[in-house]
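Chemist: Got a structure here, written out as structure tokens. Questions coming.
Here it is as structure tokens:
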């Protein structure tokens, strides 16, 4: 890729970002778009004030960007939880790390230029044989830069891990009244031989082995029949509501006969709805549920200490019976997966891994095609009609500079959603664990297809064969490929950052869908809020890949780093806005995502070091390559230390913190109130009493006012 193609990509991405952000700032001021741009505050009944209808509504404004930078971490933590704060801190980590890398690399560049301009000519004039010595000195400057970047990156990771652990402990204390802190999920419950039921077996077992802390239990049931009837009832109810609105619109008109027919239909549908509700209540009765018990139950305890002890110890000599773990919070439970037998969960997990692998292999084809577009000389050999592009001035620069990264962005957009769909089939007990699995699959997909495959896509099979037959040459081969693809990753960062984040804040898909709905089957109806949860499975892997690219190219191509700083600053502002106004906080795992982010960044640092080992080898400097190996070993040992020091605190709750929280509540006499309420929160969706009332989602319009 030449400089003209790179400049074309820069110009197109900046231009698109400016247009999109201008459009967003105008559309956000329109009350008709409140359901798209303010669903979170409206769902919490917070009023939204818009400027009066005037020219001011149609003047672009970027006031939301400085407003985003004024939001503090404590405000995010209190209103959105620690998981949302981790996303914001990921952008902050990337910007700080990129700025540090940029500073150290520019120092080495200035030093090199000083040598070349001021010192080298004089030395060569005096000592003509010293050219090799000077080149060696320049490489050693890069070697020192590599050590500094690696050590500072490890320092940032350690500091971040420590701070997030402190915030996690504090957040667990702040949320100490949540029912999941008193509740344990129990699976593979045997049938009681005396009563032929699992419920009484749970009560007997925990009353015997946890007599001082056990409180109560709630069994889970197979509710497929109830769910089917509930779907039918909801469909009939929606049909009744539609016919009623239709009659209300025509009752003052001349179509009385048609309205009379609709009233008869409503009467028949209401009778059908009443019959369905009666069947649902009958199936929800205790007598009918006895025969549909699942070997799963939520068990609550009188203290957090009791719940933690039960969840983190083996309950039976047979490890496949009475399997316990801490229950997720009620809004985080994945109810459909609790019916899967624990013994066959490995089959589901293997199936998910195979499906993700096949998807990764399948996407190798479009990624290779994208690299074919980027390498125009090869494209002309493969597809001769492409030579016609050269006859249009500037078009070849657009095709090779902007088009590859834009096409790649379009292809990988659906990948996170596909991976989340696969993760949901893996048998996880909570939505958060599904998203964490999806995060891992998406990150490794991006690492394989976007990073490595973009490097070796020119002759894929030959490159893979070379790696297999000569594994010792991998570092030097990787260094050569990484150096040749710096310009492509610059365009990728530009497209992902400027265009990608701008489209994220604009929400064009929802705008188009809302426009279609309001002019077709929802014409005249009140709008529903477009309220969705924050997509961790999409944001975390994509931002982590950008950090990886920045770290790997920090020494090789420092020109990439200014683009990354802009990327992280824009992403920070965009997602502060989205977290505050758009996305709903469905659950808060108190920072469970961070250990995985830590792992992704460690992978990036190790890749950078392996690449530099190869680069020093290509420059015939074996001493620098050998001296980098201790740094690689130090990074691996640091990662192992973090696993010992921090990871256990994120996987389970410590008894110390549980006891301290219990003592804190005992002083304020709040313990009994907390565990009494806990078991009632875990109500299976199929057991919710049927009730068809008007949705509150349409009540947001009275909250919208003008100045």
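Residue numbers (our numbering): 694 to 1400. Built from N, CA and C at the ideal position, the CB exists for glycine as well.
Pull up the distance between the alpha-carbon of residue 1142 and that of residue 1243, whole angstroms please.
Modeler: So the alpha carbons of these two residues sit roughly 17 angstroms apart.
Chemist: For a cutoff of 8 angstroms on Cβ pairs, would you count residue 739 as touching chain B?
Modeler: No chain B appears in the structure shown, which is made up of a single protein chain.
Chemist: Is residue 888 buried or exposed, if buried means 16 or more other CB atoms sit within 10 Å of its CB?
Modeler: Exposed: under 16 other Cβ atoms inside 10 Å.
Chemist: May I ask you to report which of helix, strand or coil DSSP gives residue 882?
Modeler: Three-state result, residue 882: coil.
Chemist: By the 10 Å Cβ neighbour count, where 16 or more other Cβ atoms means buried, how is residue 662 classified, buried or exposed?
Modeler: With the chain covering 694 to 1400 only, the question about residue 662 has no answer from this structure.
Chemist: My assumption, with CB atoms under 8 angstroms, is that residue 955 sits in contact with residue 939. Please give the rounded CB distance.
Modeler: So it is a contact: roughly 6 angstroms between Cβ atoms.
Chemist: As a quick exercise: from 1119, 1253, 1191, 1207, pick the residue whose alpha carbon is nearest that of residue 1183.
Modeler: For residue 1183, the nearest C-alpha among the options comes from 1253.
Chemist: With a 10 Å radius around its C-beta and 16 neighbouring C-beta atoms as the bar for buried, classify residue 979 as buried or exposed.
Modeler: Per the 10 Å Cβ criterion, exposed.
Chemist: Compute the Euclidean distance between the alpha carbons of residue 1338 and residue 866, then round it to the nearest angstrom.
Modeler: So the two alpha carbons sit approximately 21 angstroms from each other.
Chemist: Is the Cβ-Cβ distance between residue 743 and residue 724 less than 8 angstroms?
Modeler: Yes.
Chemist: For residue 881, I'd like the list of residues in its chain whose CB is within less than 7 angstroms of its CB, leaving aside the five on either flank, ordered along the chain.
Modeler: Cβ neighbours of residue 881 beyond the five flanking positions: 988, 1013, 1014, 1015, 1016, 1035.
Chemist: For residue 870, name the three-state secondary structure that DSSP assigns.
Modeler: Here residue 870 sits in coil by DSSP.
Chemist: Quick check: the Cα distance between residue 1130 and residue 1373, rounded to an integer number of angstroms?
Modeler: One C-alpha to the other measures close to 29 angstroms.
Chemist: Since residue 1346 is in the alpha helix (DSSP H), which residue starts that stretch and which ends it?
Modeler: That residue, residue 1346, is in no alpha helix (DSSP H); it is neither H nor E in DSSP.
Chemist: What is the C-beta distance between residue 836 and residue 1237, in whole angstroms, given that I count them as a contact (C-beta under 8 angstroms)?
Modeler: Wrong, their Cβ atoms sit about 26 angstroms apart, outside the cutoff.
Chemist: Which residues share a DSSP beta bridge with residue 1226?
Modeler: Residue 1226 pairs with 1277.
Chemist: Within the continuous beta strand (DSSP E) that includes residue 992, where are the two ends?
Modeler: Element bounds for residue 992: 986-994.
Chemist: Tell me whether the segment 1227-1236 and the segment 1267-1280 touch, counting them as touching only if at least three CB pairs, one residue from each stretch, are closer than 8 angstroms.
Modeler: A contact exists between the segment 1227-1236 and the segment 1267-1280.
Chemist: Measuring only the C-alpha atoms, how far is residue 736 from residue 981?
Modeler: Computed Cα separation, rounded: 37 angstroms.
Chemist: Within 8 angstroms, do at least three Cβ pairs link the segment 1248-1263 to the segment 746-757?
Modeler: No: the two stretches stay apart, fewer than three of their Cβ pairs being nearer than 8 angstroms.
Chemist: Could you tell me how far apart the beta carbons of residue 845 and residue 793 are, in whole angstroms, since I believe they sit closer than 8 angstroms?
Modeler: Contact holds; Cβ gap of about 6 angstroms.
Chemist: Please report the residue range of the alpha helix (DSSP H) in which residue 1037 lies.
Modeler: Neither: residue 1037 is in no alpha helix (DSSP H) and is coded neither H nor E.
Chemist: Under the assumption that residue 994 contacts residue 1003 (Cβ atoms under 8 angstroms), give the Cβ distance between them as a whole number of angstroms.
Modeler: With a Cβ gap of about 7 angstroms, residue 994 and residue 1003 count as contacting.
Chemist: Grab the span of the alpha helix (DSSP H) containing residue 642 for me, first residue to last.
Modeler: Because the chain in this structure spans residues 694 to 1400, residue 642 falls outside the shown range and cannot be described.
Chemist: Which stretch, first to last residue, makes up the alpha helix (DSSP H) that contains residue 739?
Modeler: Counting along the chain, residue 739 falls outside any alpha helix (DSSP H), and DSSP gives it neither H nor E.
Chemist: Report yes if the CB atom of residue 780 is closer than 8 angstroms to the CB atom of residue 1273, and no otherwise.
Modeler: No, these two residues do not count as a Cβ contact at 8 angstroms.
Chemist: Expressed to the nearest angstrom, what Euclidean distance is found between the alpha-carbon atoms of residue 959 and residue 1276?
Modeler: Whole-angstrom Cα-Cα distance: 37 angstroms.
Chemist: Helix, strand or coil: which one does DSSP assign to residue 903?
Modeler: Here residue 903 sits in coil by DSSP.
Chemist: How many angstroms separate the CA atom of residue 1054 from the CA atom of residue 1127?
Modeler: So the two alpha carbons sit approximately 22 angstroms from each other.
Chemist: Can the beta-carbon of residue 1123 be found closer than 8 angstroms to that of residue 1021?
Modeler: Yes, they are a contact pair.
Chemist: When you compare each of 1109, 1295, 1205, 1285 to residue 1232 by their alpha carbons, which one comes out closest?
Modeler: Of 1109, 1295, 1205, 1285, the residue nearest in Cα terms is 1109.
Chemist: By how many angstroms is the C-alpha of residue 1351 removed from the C-alpha of residue 1378?
Modeler: The straight-line gap from Cα to Cα measures roughly 29 angstroms.
Chemist: Which residue or residues does DSSP assign as beta-bridge partners of residue 1260?
Modeler: Answer is none; residue 1260 lacks a bridge partner.
Chemist: Kindly list the residues whose CB is nearer than 8 angstroms to the CB of residue 918, restricted to its own chain and excluding five residues on each side of it in sequence; keep chain order.
Modeler: Answer for residue 918: 976, listed in chain order.
Chemist: Rounded to a whole number of angstroms, what is the C-alpha to C-alpha distance between residue 1202 and residue 1260?
Modeler: Roughly 22 angstroms separates the two Cα atoms.
Chemist: Only counting the same chain, and skipping five residues up and downstream in sequence, which positions put a Cβ closer than 6 angstroms to that of residue 761?
Modeler: Cβ neighbours of residue 761 beyond the five flanking positions: 1266, 1269, 1270.
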